[in-house]
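Working notes, structure below.
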Amino acid sequence: LHKVAPTVTGIPATEYPTPAQRPVNSCLDTSLLATTFHVQIPEWEAALAVVLDISGGSFHFDQDV
């Protein structure tokens, strides 16, 4: 993908305008999807690692952050 890691500057959600107000903890609930289609949906970190592995990228997730 990129040879040089981009610089990412974090901002609070309050500084990012959106058309709709979002709840503080708005995790996607995938239980209905998993139950309906009898699938096991991986955590986003695992799914991202698979995508980066396929695309030749790399991913390191530190759970302590």
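Numbering (UniProt numbering), first residue to last: 1 to 65. All C-beta atoms in this analysis are idealised placements derived from N, C-alpha and C, irrespective of residue type, glycine included.
Using the three-state DSSP reduction, which class does residue i fall into: helix, strand or coil?
i, result
"V24", "coil"
"T36", "helix"
"V65", "At V65 the pLDDT is 48, less than 50, meaning the model places this residue with poor confidence and gives no usable figure here."
"E15", "helix"
"E45", "helix"
"V51", "helix"
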